[in-house]
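Inspection log for the structure reproduced underneath, given as structure tokens.
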Amino acid sequence: MIPAAFDYVRAESADEAIALLTEHGDEAKLLAGGHSLLPLMKLRLASPTVLIDVGRLEDLRFIRDAGDHIAIGALTRHRDLETSDLLGEAAPLLQHAAGHVGDPQVRHRGTIGGSLAHADPASDLPAVVLALGGTLVANGPNGEREIAIGDFYTGFLESALEPDELLTEIRIPKLTTLGWSFQKFNRRAQDWAIVGVAAVRAEEGSGVGLVNMGSTPLYAAGVVEALNSGADAASAADRAVEGTEAQHDNNATVEYREHLARVLVRRALEESGLA
Amino acid sequence: MKITMTVNGVQHSDEVEPRTLLAYHLRDALGLTGTNIGCDTSSCGACTIHVDGESVKSCTMLAVQADGSTVTTIEGLANGDTLHPMQRCFQENHGLQCGYCTPGMVMAAVSLLEENPDPTEREVRLGLEGNLCRCTGYHNIVQSVLACAAENNGGAA
Numbered sequence: 001m002i003p004a005a006f007d008y009v010r011a012e013s014a015d016e017a018i019a020l021l022t023e024h025g026d027e028a029k030l031l032a033g034g035h036s037l038l039p040l041m042k043l044r045l046a047s048p049t050v051l052i053d054v055g056r057l058e059d060l061r062f063i064r065d066a067g068d069h070i071a072i073g074a075l076t077r078h079r080d081l082e083t084s085d086l087l088g089e090a091a092p093l094l095q096h097a098a099g100h101v102g103d104p105q106v107r108h109r110g111t112i113g114g115s116l117a118h119a120d121p122a123s124d125l126p127a128v129v130l131a132l133g134g135t136l137v138a139n140g141p142n143g144e145r146e147i148a149i150g151d152f153y154t155g156f157l158e159s160a161l162e163p164d165e166l167l168t169e170i171r172i173p174k175l176t177t178l179g180w181s182f183q184k185f186n187r188r189a190q191d192w193a194i195v196g197v198a199a200v201r202a203e204e205g206s207g208v209g210l211v212n213m214g215s216t217p218l219y220a221a222g223v224v225e226a227l228n229s230g231a232d233a234a235s236a237a238d239r240a241v242e243g244t245e246a247q248h249d250n251n252a253t254v255e256y257r258e259h260l261a262r263v264l265v266r267r268a269l270e271e272s273g274l275a
Numbered sequence: 001m002k003i004t005m006t007v008n009g010v011q012h013s014d015e016v017e018p019r020t021l022l023a024y025h026l027r028d029a030l031g032l033t034g035t036n037i038g039c040d041t042s043s044c045g046a047c048t049i050h051v052d053g054e055s056v057k058s059c060t061m062l063a064v065q066a067d068g069s070t071v072t073t074i075e076g077l078a079n080g081d082t083l084h085p086m087q088r089c090f091q092e093n094h095g096l097q098c099g100y101c102t103p104g105m106v107m108a109a110v111s112l113l114e115e116n117p118d119p120t121e122r123e124v125r126l127g128l129e130g131n132l133c134r135c136t137g138y139h140n141i142v143q144s145v146l147a148c149a150a151e152n153n154g155g156a157a
């Protein structure tokens, strides 16, 4: 399978990438690791006329302690996350989940920024960053702005990024973690989750994100509200499908997905230490 | 677009269309047909090669993305007539039947041991989760990789 023809430009800096986005507008797509975009292009579900390759912006590949948060460059690869001691210390849920994206070959190429910006409800990392309450940093012609992860997902494969903006950094608050869990239910080892759950319990509060339970990555607000009122794992998990719009596909019916969401949320809360 | 890459120790400069996938470039332009294309959807891992020392699925990477990189394919592992230890361990442990997945399996296994020189059986199975085999049931593949790791670590195979 060969993608439709396109023009290829390699950006040597973030500023150059933004200038190229400004010049080409909606016709252009950013290429990072390519492990979400290229499969879509091979199936001709996406046919951008210009690809702007940001994959070599090494200055956007970092994991740094920034005081009250961990700063992660958008071009940081899943393998970098998976093997980061700093992340293991400060955000073990993200470190662990990054090691369950795709397979080793995918994790050598795929990036956290690409995964978040692609806005696929079936991706693992958006739900994790939702659970952790992360903040995304976007750069455009008018400078830099912060977008709370809760405001980032606007529709199926759509985000709050403007066509001329580049996601540059992900900020993960440093929590005093009491427990965490990542539950990924799939049929084959490397598959997308049929349903997934990312949960964290911290002194600052709890967060729960859902994979593949609607047209966007979702925050399980009902579950978190129940936890904040002192509910146990089973009764909090009963609220797992509030606000979801699970889809029917080859892998699962809506009812089955909803069942999985309740079971996986309960398991996640139990694994993160809640009775 | 003109790209230059070092493949199995030899530098190649070629004009490619930007949409050319690395797997097709290696097979069609450079004649390195040891890299198989199975599913062509980044699931099966038959097209696994190394780019700058790490395993990647070459059906899901553009040739232009590998511009300036060092690439190793299955043809680049052996030293003349002497098989790479991983190739030999696959042979000695009957780690293949039809052979279609084998180049990708071997490349993934070599990358795995570079990152984790002394894996448990479970770590080998997880490390090869990106490679599908429809013949062996994986048992002998896992044995091959464990044997190679043991040999590298000075133990008995």
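Read top to bottom, the protein sequences are chains X and L. Residue numbering for the first sequence follows the numbering used here, starting at 1 and increasing by one per position. Residue numbering for the second sequence follows the numbering used here, starting at 1 and increasing by one per position. Cβ coordinates follow ideal geometry from the N, Cα and C atoms, glycine included.
_Close beta carbons around Ala261(X), own chain, < 6 Å, minus the five adjacent residues each side_ = What you label residue 261(X) is simply residue 261 of the first sequence in a count that begins at 1. Hits under 6 Å: Val195, Met213, Ala240, Val241.
_Against chain B, with Cβ distances strictly below 9 Å, would Val124(L) count as a contact?_
Protein chains in the displayed structure are X and L, and chain B is not among them.
_I want to see whether chain L comes within less than 9 Å of Tyr256(X), judged by CB atoms only; does it?_
The residue given as residue 256(X) occupies position 256 in the first sequence. Not closer than 9 Å to any Cβ of chain L, the Cβ of Tyr256(X) fails to qualify, so no.
*State the Cα-Cα distance for the pair Leu112(L) and Pro141(X), rounded to the nearest angstrom.*
Position 112 of the second sequence, counting from 1, holds the residue named residue 112(L). Position 141 of the first sequence, counting from 1, holds the residue named residue 141(X). Taking the straight line joining both Cα atoms gives about 42 Å.
*Continuous beta strand (DSSP E) stretch holding Met5(L): start and end*: Taking the first residue of the second sequence as position 1, residue 5(L) is located at position 5. Start and end: 2-7.
_Given this structure, state the Cα-to-Cα distance separating Leu86(X) from Ile63(X), to the nearest angstrom._
For the purposes of this step, residue 86(X) is taken as residue 86 along the first sequence, with counting starting at 1. For the purposes of this step, residue 63(X) is taken as residue 63 along the first sequence, with counting starting at 1. If I take the Cα positions, the gap works out to 8 Å.
*Tell me whether Glu15(L) is buried or exposed, calling it buried when 16 or more other Cβ atoms sit within 10 Å of its Cβ.*
Here the question's residue 15(L) lines up with position 15 in the second sequence. Glu15(L) is exposed by the Cβ-count criterion.
*Just checking, does the stretch 68-80 of chain X make contact with the stretch 111-118 of chain X on the three C-beta pairs under 8 Å criterion?*
yes
*asked:* Give me, in chain order, the residues of the same chain whose beta-carbon lies closer than 6 Å to that of Met61(L); leave out the 5 immediate sequence neighbours on both sides.
replied: Taking the second sequence and counting its residues from 1, one reaches residue 61(L) at position 61. For Met61(L), where only same-chain residues beyond five positions count, the Cβ hits under 6 Å are Leu22.
*Taking Cβ positions only, does Asp118(L) come closer than 9 Å to chain X?*
On the second sequence, residue 118(L) is found 118 positions in, with the first residue counted as 1. Judged by the 9 Å Cβ criterion, Asp118(L) is not in contact with chain X.
*Have a look at Arg44(X), Asp59(X), Gly34(X), Trp192(X) and flag the residue whose alpha-carbon is nearest the alpha-carbon of Ile52(X).*
Mapped onto the first sequence, residue 52(X) falls at position 52. Of the listed residues, the one whose Cα sits closest to Ile52(X) is Gly34(X).
*Beta-carbon of Asn131(L) versus every beta-carbon of chain X: anything under 9 Å?*
In the second sequence, residue 131(L) corresponds to position 131, counting from 1. So, interface residue.
*asked:* Buried or exposed for Lys302(X), going by 16 or more other Cβ atoms inside 10 Å?
replied: The question about residue 302(X) has no answer here: the residues shown for chain X are numbered 1 through 275.
*asked:* If you follow the alpha helix (DSSP H) that Ile18(X) is in, where does it begin and where does it stop?
replied: The residue you call residue 18(X) lines up with position 18 of the first sequence. 14-24 is the extent of the alpha helix (DSSP H) around Ile18(X).
_Cβ shell of Pro119(L) (< 8 Å), same chain only, five flanking positions each side left out_ = As a working mapping, residue 119(L) is identified with position 119 in the second sequence. Only Leu112, Leu113, Gly127, Val145, Leu146, Ala149 meet the Cβ criterion.
*Mind checking which residues open and close the beta strand (DSSP E) that includes Tyr8(X)?*
Looking up residue 8(X) in the first sequence gives position 8. Here the beta strand (DSSP E) through Tyr8(X) covers 7-10.
*May I have the straight-line CA-CA distance separating Pro48(X) from Asp124(X), to the nearest angstrom?*
As a first step, residue 48(X) must be located in the first sequence, where it is residue number 48. As a first step, residue 124(X) must be located in the first sequence, where it is residue number 124. Near 25 Å, if we compare the C-alpha coordinates of Asp124(X) and Pro48(X).
_Integer-rounded CB distance, given that Ser13(X) should sit under 8 Å from Leu57(X)_ = Within the first sequence, the letter at position 57 stands for residue 57(X). Within the first sequence, the letter at position 13 stands for residue 13(X). Contact flag correct, Cβ pair sits at about 7 Å.
*Nearest-angstrom Cα distance between Ala157(L) and His84(L)?*
Taking the second sequence and counting its residues from 1, one reaches residue 157(L) at position 157. Taking the second sequence and counting its residues from 1, one reaches residue 84(L) at position 84. Its pLDDT being 47, under 50, Ala157(L) is placed unreliably in this model, and the coordinates cannot settle the point.
*Closer than 9 Å to chain X by CB, Val106(L)*: By 1-based counting over the second sequence, the position of residue 106(L) is 106. Chain X contact via Cβ: absent.
*For Val56(L), which option in Asp7(X), Pro104(X), Val265(X) has the closest C-alpha, if you only look at C-alpha atoms?*
The sequence position of residue 56(L) within the second sequence is 56, counting from 1. Among Asp7(X), Pro104(X), Val265(X), the Cα nearest to that of Val56(L) belongs to Pro104(X).
*Please decide whether Glu17(L) counts as near chain X, where near means a Cβ-Cβ distance under 9 Å.*
Taking the second sequence and counting its residues from 1, the one referred to as residue 17(L) is at position 17. Answer yes: the Cβ-Cβ gap between Glu17(L) and chain X drops below 9 Å somewhere.
*Taking just the CA atoms, how far does Ile2(X) sit from Ser181(X)?*
As a first step, residue 181(X) is located in the first sequence; it is residue number 181 there, counting from the start. As a first step, residue 2(X) is located in the first sequence; it is residue number 2 there, counting from the start. Those two C-alpha atoms are separated by around 39 Å.
*Terminal residues of the alpha helix (DSSP H) in which Lys174(X) lies*: In the first sequence, the residue the question calls residue 174(X) occupies position 174. Lys174(X) -> no alpha helix (DSSP H), and no H or E assigned at all.
*Proximity winner among Gly143(X), Phe156(X), Leu178(X), relative to Asp164(X) (alpha-carbon distances)*: The count along the first sequence starts at 1 and reaches residue 164(X) at position 164. Residue Gly143(X) is the option with its Cα nearest to Asp164(X).
*Would you give the residue range spanned by the beta strand (DSSP E) that Thr48(L) belongs to?*
Stepping through the second sequence from its first residue, residue 48(L) is reached at position 48. Residues 48-51.
*Would you identify the three-state DSSP class for Asn139(X), choosing helix, strand or coil?*
Walking along the first sequence from the start, residue 139(X) turns up at place 139. It is a strand residue.
*Since Ala202(X) and Leu178(X) are thought to touch, with beta carbons under 8 Å apart, how far apart are those beta carbons, to the nearest angstrom?*
One-based indexing of the first sequence puts residue 202(X) at position 202. One-based indexing of the first sequence puts residue 178(X) at position 178. That pair is a contact at about 6 Å.
_With the cut-off set at 9 Å, would you say Leu96(L) and Met86(L) are in Cβ contact?_
Translated into positions along the second sequence, residue 96(L) becomes position 96. Translated into positions along the second sequence, residue 86(L) becomes position 86. Cβ atoms of Leu96(L) and Met86(L): not closer than 9 Å.
*Alpha carbon to alpha carbon, how far is Thr102(L) from Glu17(L)? Give it in angstroms, no decimals.*
In the second sequence, counting from the first residue as 1, residue 17(L) sits at position 17. In the second sequence, counting from the first residue as 1, residue 102(L) sits at position 102. If you take the alpha carbons of Glu17(L) and Thr102(L), they lie about 29 Å apart.
*Chain-ordered chain X contacts of Ser55(L) [CB-CB under 7 Å]*: As a working note, residue 55(L) is residue 55 in the second sequence. Neighbours of Ser55(L) on chain X, chain order: Pro104, Gln105, His108.
*asked:* Let me see if you follow: with CB-CB separation under 9 Å, is Met213(X) close to chain L or not?
replied: Walking along the first sequence from the start, residue 213(X) turns up at place 213. Answer no: the Cβ-Cβ gap between Met213(X) and chain L never drops below 9 Å.
*So which residues on chain L does Gln190(X) lean against when the C-beta distance must stay under 7 Å?*
Translated into the one-based positions of the first sequence, residue 190(X) becomes position 190. Near Gln190(X) (Cβ distances below 7 Å), the residues of chain L are Ser43, Glu129, Gly130.
*Of all Cβ atoms in chain L, is any one closer than 9 Å to the Cβ of Phe62(X)?*
Along the first sequence, read from residue 1 onward, the residue named residue 62(X) stands at position 62. Closer than 9 Å: no.
*Classify Ser47(X) as helix, strand or coil using the three-state DSSP reduction.*
To locate residue 47(X), count along the first sequence from 1; it is residue 47. Note: Ser47(X) maps to coil in three-state DSSP.
*Please classify Val223(X): is it buried, with 16 or more other beta-carbons within 10 angstroms of its beta-carbon, or exposed?*
Numbered from its first residue, the first sequence carries residue 223(X) at position 223. Per the 10 Å Cβ criterion, buried.
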